[in-house]
Amino acid sequence: HGDCNVPGKCPENPDLGRWVSTQRKAKINGQLSKARVNQLTVIGFDWDPLESAWEENFLALEQYKAKQGDCNVPRRFPENPSLANWVGIQRQRKIKGQLSKERANRLIAIGFDWDLRASAWEESFRALEQYKVKHGNCNVPKRWPKNPGLGLWVSVQRRTKIKGRISKERVNRLTVIGFEWYRHRGG
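Residue numbers for the sequence shown follow our numbering, beginning at 170 and rising by one.
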């Protein structure tokens, strides 16, 4: 295997898995001698596999960001299939208050996006602003070939306002740039 990262439930060698767990617990409880701790540390014994796994995934996310420019790992990322799951777990833990401030700050420092829906909305809003600069209005055709998703997004904004499901802040931002909330079918 090349390492000392034996899982607590090791199917190949259940006794070894139990022994490893016992060593970790004994160290936490102060029941392991300094000599034993040193012996295990020297051979690369992993005292906190959960922390090690978090660090490995954080490093993988930093590498992903360096290549892709963001921290939004797609669900099916062939280079590291479990990374998207880890990213999702970090978002869930933050929402539930289960992510330490230190970890949250480290993720923030690399540009981690906590709310993908808000980011997607912002991206579409910026695209609409660019459309207005170029075309003089915010009336994106529903099936606009240059950005098919933008026309749909504009329609969704109108529908969510009619249903009362859009924030006042978003309504104001769209209104300020000249967004027409009620369009006639013919125009």
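Beta carbons are placed, not taken as given, at the ideal position from N, Cα and C, and that holds for glycine.
Remember, predicted model here, so these are calculated numbers, not experimental data.
**Message:** So, with DSSP's three-state summary, where would you put Phe348?
**Reply:** coil
**Message:** Let's see if you can read the secondary structure: which residues bound the alpha helix (DSSP H) around Gln208?
**Reply:** Lys203 to Val211
**Message:** Between the alpha carbons of Val242 and Ser202, how many angstroms are there, rounded?
**Reply:** 43 angstroms
**Asked** Which of helix, strand or coil does DSSP assign to Phe370?
**Response** As displayed, the chain neither begins before 170 nor continues past 356, which places residue 370 out of reach and without an answer.
**Asked** Just how far apart, CA to CA, sit Ser324 and Phe348?
**Response** 11 angstroms
**Request:** Going by CA-CA distance only, name the one from Asn182, Glu292 and Gly305 that's closest to Asn316.
**Result:** Glu292
**Message:** Based on DSSP bridge pairs, tell me the residues matched to Phe214.
**Reply:** Cys173
**Message:** Taking 8 angstroms as the limit between beta carbons, can you name the residues of its chain near Gln208, skipping five residues before and five after?
**Reply:** none
**Message:** So, for Leu244: in the same chain, excluding its five sequence neighbours on each side, which residues have a beta-carbon less than 7 angstroms away from its beta-carbon?
**Reply:** Checking the sequence shown, residue 244 turns out to be Arg, not Leu. Correct list, in chain order: Ala253.
**Message:** Excluding the 5 residues flanking Ala222 on each side, which residues of the same chain have their C-beta closer than 6 angstroms to its C-beta?
**Reply:** none
**Request:** Look at the alpha carbon of Ile264 and the alpha carbon of Gly257, and state the distance between them as a whole number of angstroms.
**Result:** 11 angstroms
**Message:** Considering only the alpha carbon of each residue, which of His170, Asp239, Phe294 and Gln267 lies closest to Glu338?
**Reply:** Phe294
**Request:** Tell me whether Leu228 is buried or exposed, calling it buried when 16 or more other Cβ atoms sit within 10 Å of its Cβ.
**Result:** exposed
**Message:** Using only the alpha-carbon positions, how far apart do Gly177 and Arg260 sit?
**Reply:** 26 angstroms
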